[in-house]
Amino acid sequence: MQTATVFSFHGGIHPPENKAQSLRLPLGRPSLPNELILPLGQHIGQSSRPLINVGDKVLKGQTIAINNGFLSSFLHAPTSGTIKAIEERPIAHPSGLSDVCIVITPDGEEQWDTLTPLQHWNTLSKTDVLAYLAEMGIVGMGGAGFPTQVKLQGAHKHPLTHFIINAAECEPYITADDMLIREKTIELVLGIEALQHLVEAEQVIIGIEDNKPTAIAELNKVLSDRLSTIQVAVVPTKYPSGGEKQLIQLITGKEVPSGQYPADIGILCQNVGTCVAVHDAIFLGKPLISRFTTLTGDVLKAPQNVEVLLGTPISHLLDYAENDSKKLKRLVMGGPMMGFTLDSANVPIVKTSNCVLAASKKELPQPAPEQACIRCGMCEQACPASLLPQQLLWFSKSQELEKAEHYNLFDCIECGACSYVCPSSIPLVQYYRHTKSSIREAREAAVKSDLAKQRFEARKARQDAEAAEKEAKRVARQKASANKTTDGKKVAPKVTPATAAAATATPAGDDSKKLKIDLAIAKTKLKKLQKQLLAAQESEHTEEIGTLQLQANEQEKAVALLEEQLAKVEEQLTKAVASAPAASPKAPASDELKKAKVDVALSGTKLKKTQKQLAESPDDAELQAKVAGFEKELADAQARLSKLAADAPASSTAPKAAAPKAAVSDELKKAKVDVALLGVKLKKTQKQLADAPDDSELQAKVAGFEKELGEAQARLATLTSQAPVAQPAATASAGDELKKLKIDTAIAKAAVKKVEKALKKAEDLNSPELDTIRQQLQDAQKRADDLEKALANPTTVASSAAPAASAPASDETARNAEHIKKQKIAAALAKAQINKLNKRLADSPQDADSIQLEITAAKQKQQDAEAQLTQLQAQLTPSQDNTQENR
Amino acid sequence: MLTVLIAVGILLVLSLIFGAILGYANVRFHVEGDPIVDQIDAILPQTQCGQCGHPGCRPYAEAISNGEAINHCPPGGQATIQALADLLDVEAIPLDGDHGTETAKRVAVIREDECIGCTKCIQACPVDAILGAAKQMHTVIADECTGCDLCVEPCPVDCIDMVEVGVTSRTWSWDKPQGIAAQPGSIIATDRQAEVVH
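Protein sequence lines, in the order shown, are assigned to chains A and B. Residue numbering for the first sequence follows the working numbering, starting at -12 and increasing by one per position. Residue numbering for the second sequence follows the working numbering, starting at 16 and increasing by one per position.
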């Protein structure tokens, strides 16, 4: 054991220590509370991820949450019990906000999970030991809760000159570290030795304030017993010598440069609590589930240090320390200098809670009202970080974030020394904290806006590329179609008339589509020009009017030309379609097929009859001849049938495509009946056989029947496998219809809502269009009701939709449905136009007349569209009836 | 006379030399684009919401550089106006109410049960923050959403809500102290003494 030389740091204050109160009683161990509340974010960095579910049983020391990323930590059950909830609970945080916590109901048995100390820790690789410490949930217990393994990893960047153990505990009232050193001296030293093995620093120094003579004596005794090289540096009592950077300066004389970490200058600092936790983890296998905490303040009759399980509610501890709740004015987590006020006593102790200060009004009076700064400079004298608190105050007050940053605001350790000495009681630290968070927010906002900009630009680039591609495709198509029409004319004479008609029909259809699009574009251009013209006329720009008029005329001509072309193409198209039906003359073939089938069936029955007769009188030669003739006939008929059947699929694709489902289902039925019949026959014969077991003929029959039955069943199986393809089509389309109806309902509802909103606005403005809007509202509601009604009895929809989908003559219905859809869209568009116009009307009452005219026109359009719609729907119903009849 | 001519001649030569240097520098160090637009664009909040009347933040930045008022950006609020005023050396004016009011940070949230999968909001989103496909439920990536409101209007079933981003214990920040103005009548230390006594 050696004594190290001690340097000094700038500033610092000497507030009343108030440490004696909590050292009068020995270390306490409070009983188990009713529940333990474990926040998932007890450390700096990402919150842990829970591993358990509500209702699970956990053992003491069992891992209940694991790390969620690099800067995160594990969490363990502090006692055995049941997981009561994983929910938001108020936590110890200056904001008083809630966070997600795991709540455990203890079972009182304190049953430990199997503890496995880390064997051969001094021969294991350092990475393994660090990973083990992470799994034990060890974080810095001095205040910030920085995950220890991350800090130790960071220390490997540079060779360490100093490994400093922080036992200064400079803040008034707090004695938890003092008590920890007294109670667990040997554990502390073993923990330090383990850590020193990991970091291999040149010197290991324990920094401790001279107001802890008992602890210093104990430490010296243990260290000299062990002939340890660990030094003890006794530093003078001055707040804030326990700050990491201040203690480093006290012991090494070096200052940590602004914006850097101690590891950057080859120094590592660890709190004594962390060292003991490392000892427990490595030598006992115990994870971090408890800590030393000081319970102090005038309000407590038995102020003391306690070893408390993490997650214990503070209210439980206050009861344990005999709290006089009437006198309690302020409850502070941490010390009086750097702690924060708690709104509620129901928050839990976490890994970083070193003190609970329950103060009376006299002990911690309300801060005096802020006065103007008198520029006395005392704050500068007190600042341990050698900052200029006054300057920082001005910049904070005027929100000059850049200047505050330039004056090294982020080197402020928020120790509160400046506020303590300020004669004007200015809450300087609160200003700095606010400014720091403003700067952080601004940085985050800058990052976010950069990201948004990137995404916006990427989207724009993508859209431009898509547009260019579309344009290129359009040009290519235009060229291709021009080639095609000429090709079609050349090729036409070589092919059969039917296919030629079809071939010309498709390009003609394409042409008409393209022409239509061109026409629409030309029309919109014309409209725009007309609008511009109107505007120009209104504002009397004579020269513009001339050019615009010219343009408009040209555009009109172009429109007329396009319309003409379109009419021509459509005429061509109808011609082509009219000639197309000649391509499918397949009906006679199928008729023949039917006839052949009937023939086969007839000969089959005849043959059977004759065979029966023959069975009755087996010696009749005439009958035998008949049978032979019939058999021949049957064979002929079957041959003819098979030939026809082979022809049929080759030539009659159209009818087969139209009605394959019906045929399949018919066949399926037949096959089922066959199977059933054969089954009955087989049974009968078997019965007969049972009566006369020796009859060889019967046995043969049974065998034959069995064979037939097998065949029939095989056929049935293949058919059923085909059938499902046909049936779901109908149900699926019904489902689609249902979905569409639902969507329509939703849209109608939204429309009702929108109109209601508009109505309310109009009412507020007392506007004249109230009646029209009301009318609209009623209409919209009616529509919504209708749709809902339709939705309510989906069976009717489904049943009406099913035939439409599966019937062979569904072409017409489909076309009608398309028409209806188009009309619906037209109606919707007209309505939207009306709405828009209404809006405009509201905006500009002076143009009322012209807009009113437009509205009536639009309404007319809408009515037309709706009339057409109803007509089409009326058409649709009879056609649906027809299809049902057809079936 | 000769001295005058020599002086004029020297000045002429010097002016030619410097003119050549300036001309070369103008070509050599030519700056593409307008750097002031980039600086303005960097200050704007990049919500791409169009509340200023321009299709995105960059077009507004260009408009500002061409003399448009700097107070047309509600998402940026007074802070942005202040920053623009500092950059352009003009007076900071209050936000123009015609373009909207400054609101707390919000994100769009789709009520997913009601979404019919129309993809209209996806097309409206300027930063591709909405995921989904036709007839599939859509959802907003909250981290990418700039809260621009542009997806709310196109929704045919009104299932998009703008929800204020709540404060969690991780995003919480300290309040600014109220300052001296909070206690009128206590300007000097003796005022405080009086208050402490009673």
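Yeah, the Cβ is synthetic: ideal placement off N, Cα and C, and Gly gets one too.
- Alpha-carbon to alpha-carbon, L282 (chain A) and A308 (chain A): To locate residue 308 (chain A), count along the first sequence from 1; it is residue 321. To locate residue 282 (chain A), count along the first sequence from 1; it is residue 295. Using only the alpha carbons, I get a separation of about 7 Å.
- Task: Output the distance between the C-alpha atoms of L175 (chain A) and L59 (chain B), rounded to the nearest integer angstrom.
- Result: As a working mapping, residue 175 (chain A) is identified with position 188 in the first sequence. As a working mapping, residue 59 (chain B) is identified with position 44 in the second sequence. Going from the Cα of L175 (chain A) to the Cα of L59 (chain B) covers about 55 Å.
- Task: Check the Cβ-Cβ distances between P109 (chain B) and every residue of chain A, and say whether any is below 7 Å.
- Result: Stepping through the second sequence from its first residue, residue 109 (chain B) is reached at position 94. It does not: the Cβ of P109 (chain B) has no partner Cβ on chain A nearer than 7 Å.
- Within this structure, are the beta carbons of A72 (chain A) and I51 (chain A) separated by less than 7 Å? Residue mapping note: residue 72 (chain A) aligns to position 85 of the first sequence, counting from 1. Residue mapping note: residue 51 (chain A) aligns to position 64 of the first sequence, counting from 1. Contact flag unset, no.
- Query: How is F150 (chain A) classed by DSSP in three states: helix, strand or coil?
  - Reply: The residue labelled residue 150 (chain A) in the question sits at position 163 within the first sequence. F150 (chain A) falls in the strand class under three-state DSSP.
- Quick one: what's got a C-beta closer than 7 Å to T201 (chain A)'s C-beta in the same chain, skipping five residues either side? Mapped onto the first sequence, residue 201 (chain A) falls at position 214. Same-chain partners within the cutoff: R169.
- Query: Which runs of the alpha helix (DSSP H) spanning at least 4 residues fall entirely within the segment 368 to 440 of chain A, listed in chain order?
  - Reply: 376 to 384, 388 to 393, 404 to 408
- Query: What is the DSSP secondary structure of C136 (chain B), counted as helix, strand or coil?
  - Reply: For the purposes of this step, residue 136 (chain B) is taken as residue 121 along the second sequence, with counting starting at 1. If DSSP states are grouped into helix, strand and coil, C136 (chain B) belongs with the helices.
- Alpha carbon to alpha carbon, what distance is there between L31 (chain B) and V42 (chain B)? Within the second sequence, the letter at position 27 stands for residue 42 (chain B). Within the second sequence, the letter at position 16 stands for residue 31 (chain B). Cα to Cα, V42 (chain B) sits roughly 17 Å from L31 (chain B).
- Listed in chain order, which residues of the segment 173 to 184 of chain B have Cβ atoms closer than 8 Å to some Cβ of chain A? D173, V182, T183, S184
- Message: Just checking: is the beta-carbon of A79 (chain A) within a distance shorter than 7 Å of some beta-carbon in chain B?
- Response: Start at 1 with the first residue of the first sequence, and residue 79 (chain A) comes out as number 92. Taking Cβ atoms only, chain B never reaches closer than 7 Å to A79 (chain A), which makes this a no.
- Task: Assign Y418 (chain A) to buried or exposed, taking buried as 16 or more other Cβ atoms, counted over all protein chains shown, within 10 Å of its Cβ.
- Result: As a working note, residue 418 (chain A) is residue 431 in the first sequence. Under this definition Y418 (chain A) is a buried residue.
- Task: Could you spell out where the beta strand (DSSP E) holding M320 (chain A) opens and where it closes?
- Result: As a first step, residue 320 (chain A) is located in the first sequence; it is residue number 333 there, counting from the start. That run of the beta strand (DSSP E) goes 317 to 320.
- Query: When the Cβ atoms of the segment 13 to 21 of chain A are set against those of the segment 282 to 301 of chain A, are three or more pairs found closer than 8 Å?
  - Reply: yes
- Item | Segment contact, 8 Å Cβ cut-off, at least three pairs: the segment 95 to 109 of chain B with the segment 129 to 149 of chain B | no
- DSSP three-state call for L110 (chain B): helix, strand or coil? Taking the first residue of the second sequence as position 1, residue 110 (chain B) is located at position 95. Here L110 (chain B) sits in coil by DSSP.
- Item | Beta bridge counterpart(s) of C166 (chain B) as assigned by DSSP | Taking the first residue of the second sequence as 1, we reach residue 166 (chain B) at position 151. According to DSSP, C166 (chain B) bridges with nothing at all.
- Message: Tell me which residue opens and which closes the beta strand (DSSP E) that I71 (chain A) is part of.
- Response: Locating residue 71 (chain A) in the first sequence gives position 84, counting from the first residue. The question names Ile, but residue 71 (chain A) is Lys in the sequence shown. Taken as a continuous stretch (DSSP letters only), the beta strand (DSSP E) holding K71 (chain A) covers 68 to 77.
- Member of A:S85, A:V137, A:I336 whose CA lies at the smallest distance from the CA of K113 (chain A): What you label residue 113 (chain A) is simply residue 126 of the first sequence in a count that begins at 1. Nearest to K113 (chain A) by C-alpha distance, out of A:S85, A:V137, A:I336, is A:V137.
- Message: Cutting at 8 Å between CB atoms, please list the residues of its own chain near L102 (chain A), excluding the five before and the five after it.
- Response: Stepping through the first sequence from its first residue, residue 102 (chain A) is reached at position 115. Here the set comprises G48, L271, G272, K273.
- Task: Using a threshold of 7 Å, state whether the C-beta atoms of T261 (chain A) and A163 (chain A) are closer than that.
- Result: Position 274 of the first sequence holds residue 261 (chain A). Position 176 of the first sequence holds residue 163 (chain A). Not closer than 7 Å, so no.
- Message: Strictly below 9 Å CB to CB, what residues from chain B border Q417 (chain A)?
- Response: Residue mapping note: residue 417 (chain A) aligns to position 430 of the first sequence, counting from 1. Chain B residues near Q417 (chain A): W189, D190, K191, P192.
- Just confirm the distance between the C-beta atoms of L25 (chain A) and P335 (chain A), as a whole number of angstroms; I'd bet it's less than 8 Å. Looking up residue 25 (chain A) in the first sequence gives position 38. Looking up residue 335 (chain A) in the first sequence gives position 348. Yes, they are in contact, since the Cβ atoms of L25 (chain A) and P335 (chain A) sit about 7 Å apart, within 8 Å.
- Which partner residues does G15 (chain A) have in the DSSP bridge list? Start at 1 with the first residue of the first sequence, and residue 15 (chain A) comes out as number 28. Per DSSP, A:V293.
- Query: Is it the case that the Cβ atoms of E4 (chain A) and P159 (chain A) are separated by a distance below 7 Å?
  - Reply: For the purposes of this step, residue 4 (chain A) is taken as residue 17 along the first sequence, with counting starting at 1. For the purposes of this step, residue 159 (chain A) is taken as residue 172 along the first sequence, with counting starting at 1. The answer is yes: Cβ separation under 7 Å.
- Mind checking if I195 (chain B) is an interface residue toward chain A, Cβ cutoff 7 Å exclusive? Here residue 195 (chain B) corresponds to residue number 180 of the second sequence, with the count starting at 1. Yes, its Cβ sits closer than 7 Å to a Cβ of chain A.
- From the DSSP output, read off the bridge partner residues of H63 (chain A). Translated into positions along the first sequence, residue 63 (chain A) becomes position 76. Within the DSSP secondary-structure output, H63 (chain A) pairs in a beta bridge with A:T50.
- Task: Output the distance between the C-alpha atoms of H69 (chain B) and A157 (chain B), rounded to the nearest integer angstrom.
- Result: Translated into the one-based positions of the second sequence, residue 69 (chain B) becomes position 54. Translated into the one-based positions of the second sequence, residue 157 (chain B) becomes position 142. Rounded to the nearest angstrom, the two C-alpha atoms are 24 Å apart.
- Cα-Cα, which of A:E187, A:G298, A:A7, A:A204 is closest to I89 (chain A)? By one-based count along the first sequence, residue 89 (chain A) stands at place 102. Comparing Cα positions, the closest option is A:G298.
- Could you tell me which residues DSSP pairs with N310 (chain A) in its beta bridges? For the purposes of this step, residue 310 (chain A) is taken as the residue at position 323 of the first sequence. Answer is A:L287, bridged to N310 (chain A).
- Pull up the DSSP beta-bridge partners for A346 (chain A), would you. Here residue 346 (chain A) corresponds to residue number 359 of the first sequence, with the count starting at 1. DSSP lists A:R317 as partners of A346 (chain A).
- Message: Less than 7 Å between CB atoms is the rule here; does H421 (chain A) satisfy it with respect to chain B?
- Response: For the purposes of this step, residue 421 (chain A) is taken as the residue at position 434 of the first sequence. Cβ-Cβ to chain B under 7 Å: yes for H421 (chain A).
- Message: In whole angstroms, give me the CA-to-CA distance for W187 (chain B) and S82 (chain A).
- Response: Indexing the second sequence from 1 puts residue 187 (chain B) at position 172. Indexing the first sequence from 1 puts residue 82 (chain A) at position 95. Straight-line Cα distance between these residues: approximately 7 Å.
- Three-state class that DSSP yields for M166 (chain A) in the structure shown: Your numbering for residue 166 (chain A) matches position 179 in the first sequence. Helix, per DSSP.
- N41 (chain B) - containing alpha helix (DSSP H), residue span: Counting from 1 along the second sequence, the entry for residue 41 (chain B) is found at position 26. Boundaries of the alpha helix (DSSP H) harbouring N41 (chain B): 17 to 43, taken from the DSSP string.
- Identify each residue in the segment 60 to 78 of chain B for which the Cβ-Cβ distance to at least one residue of chain A is less than 9 Å, and report them in chain order. Cβ contacts with chain A come from P60, Q61, T62, Q63, G71, C72, R73.
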